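Okay, so here's the structure we're looking at.
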Amino acid sequence: MSARHVVAEWVLQPGTGKAIEVMAGQVLRIEQVDGGQCVDFNAFNLHDYKEFMHCGRTRTVHGFNPTTGTFLWSAPPRERAMFYLLADTVGRNDVLFPRCSAYVYESTYGFSAHTNCHDIQAEAQREYGLTPDDVHDSFNLFMATDVLPGGAVRISRQDSQPGDHVELLALIDTLAVPNVCGADVMRTSNFFLKPVKVTVFEATPEDLARVPALPALASQRTPKDFRNATIKADRELRRDAAYEPSFLNTPLTVTEVAVELDDDDLALLRTYEHAPLYRGDPGATLRDIFFSWWEQQYVTSPNGAPTVTSSPTLADERQPS
Amino acid sequence: MKNLVHVPLNRQQLELLDRTVARGAAPDRAALLRLALRAWAPAHRTATAPKEPAR
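Chains V and H supply the protein sequences, listed in that same order. Position 23 of the first sequence, counted from 1, bears residue number 22 in numbering that gives the first Met the number 0, the numbering being contiguous throughout. Position 16 of the second sequence, counted from 1, bears residue number 15 in numbering that gives the first Met the number 0, the numbering being contiguous throughout.
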């Protein structure tokens, strides 16, 4: 195993965060110093801040608690893997809860001013010219959360220890922004704020070899593909009088496909478990059956995740595209 | 006895059918829909539906 070369290192004190350039092929390690500290995390494409990590996409693909072997995705229409989660010694990260904010501490606890992840992020991001409106939903490292029966969500105390860490391998050039979560009156960090250590390494060949291949798809669009690629620079919204709608594939014309069925087929159709949804419409019922079958036959990854293999060519072979 | 069922599909759905036919799953759209019916529906019948004996 090759030794990693340290590029830079910081210890983030309670109430602070740091915007850090992490280039493609570098590893960002976020490490417990005393243990028991939640870290909120934002990330942007270093060369285009409009591309940023999207918790919604990430949780859809990897679930509420992404850990080793998952990716951090950017928002549509980019939908690129920004980081690969190379190591996670605890396995309790969260993409369910939003960042804490000044409003939460004022409305719930009566604080006129209190450390909070939104404002810490905004202050750290200001170093790169971003504004408080640019802070996005947090990837919450070392945050123990779960969903209760019935849908309520819960934060629990955590048990991370000194030296526990998460390692993120950048797949594109990024501005990564970790911050020490400001919640000292909640369970998130066991009711006390502690420092965290942040290190940037050059990835070793062994690190790079661990990243599964992902297909590059035409639907992963960048500003060169946008009808309007200009970033709006004022705050007022005004209608564009020259706007002409241009929605993809519209109008969606419908064609009827005639299918000859024998009596046994028809009996199958009538007794299909979802037939009552279609109120006796055999065509709609058969359509449901077809797409249900197709999904089972050809979709290899759930929830819109790309097929991850060591060979993108094989993935394309599996699913008609 | 033959029964004719009309399946309404938009052009995106038809594209997926056609790609699947082009890959050799069935000779045409109608045959593909029948294939799906026979492969999928027997295991997904209503709880109250009488199960036919295995042939």
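Using N, Cα and C, we set each Cβ at its ideal position, and we do this for glycine too. Quick caveat, the model's predicted, so the values are computed rather than measured.
Would you list the residues sitting across from residue i in a DSSP beta bridge?
i	result
residue 25 of chain V	V/201
residue 177 of chain V	V/40
residue 103 of chain V	Partner(s): none; residue 103 of chain V has no beta bridge.
residue 82 of chain V	V/71 and V/169
So, does the CB of residue i fall closer than 7 Å to a CB anywhere in chain V?
i	result
residue 42 of chain H	no
residue 26 of chain H	no
residue 20 of chain H	no
residue 6 of chain H	yes
In or out: residue i buried (at least 16 other Cβ within 10 Å) or exposed?
i	result
residue 6 of chain H	buried
residue 65 of chain V	buried
residue 177 of chain V	buried
residue 294 of chain V	exposed
residue 199 of chain V	buried
residue 114 of chain V	buried
residue 284 of chain V	buried
residue 229 of chain V	exposed
residue 165 of chain V	buried
residue 3 of chain H	exposed
residue 35 of chain H	buried
residue 108 of chain V	exposed
residue 56 of chain V	buried
residue 260 of chain V	buried
Rounding to the nearest angstrom, what Cα-Cα distance links residue i and residue j in this structure?
i	j	result
residue 319 of chain V	residue 19 of chain H	The predicted position of residue 319 of chain V is uncertain, since its pLDDT is 39 and thus under 50; no value can be drawn from it.
residue 27 of chain H	residue 289 of chain V	14 Å
residue 11 of chain H	residue 77 of chain V	22 Å
residue 2 of chain V	residue 202 of chain V	9 Å
residue 188 of chain V	residue 162 of chain V	16 Å
residue 20 of chain V	residue 300 of chain V	32 Å
residue 24 of chain H	residue 30 of chain H	9 Å
residue 216 of chain V	residue 79 of chain V	10 Å
residue 74 of chain V	residue 61 of chain V	15 Å
residue 184 of chain V	residue 190 of chain V	5 Å
residue 147 of chain V	residue 58 of chain V	17 Å
residue 179 of chain V	residue 240 of chain V	46 Å
residue 14 of chain V	residue 182 of chain V	9 Å
residue 131 of chain V	residue 121 of chain V	5 Å
residue 39 of chain H	residue 298 of chain V	15 Å
Does residue i have its Cβ less than 7 Å from a Cβ in chain H?
i	result
residue 251 of chain V	yes
residue 271 of chain V	yes
residue 282 of chain V	yes
Comparing the CB of residue i with every heavy atom of the ligand MN, is any distance shorter than 6 Å?
i	result
residue 206 of chain V	With respect to the ligand MN, the structure shown offers nothing to examine, as it has no ligands at all.
Closer than 7 Å, Cβ to any Cβ of chain H: which residues of the region 254–269 of chain V, in chain order?
Flagged, chain order: 254, 255, 256, 257, 258, 259, 260, 261, 262, 264, 265, 267 and 268.
When Cβ atoms are compared, which residues of the region 285–296 of chain V fall closer than 9 Å to chain H?
Under the 9 Å Cβ criterion, the region 285–296 of chain V contributes 285, 286, 288, 289, 290, 291, 292, 293, 295 and 296.
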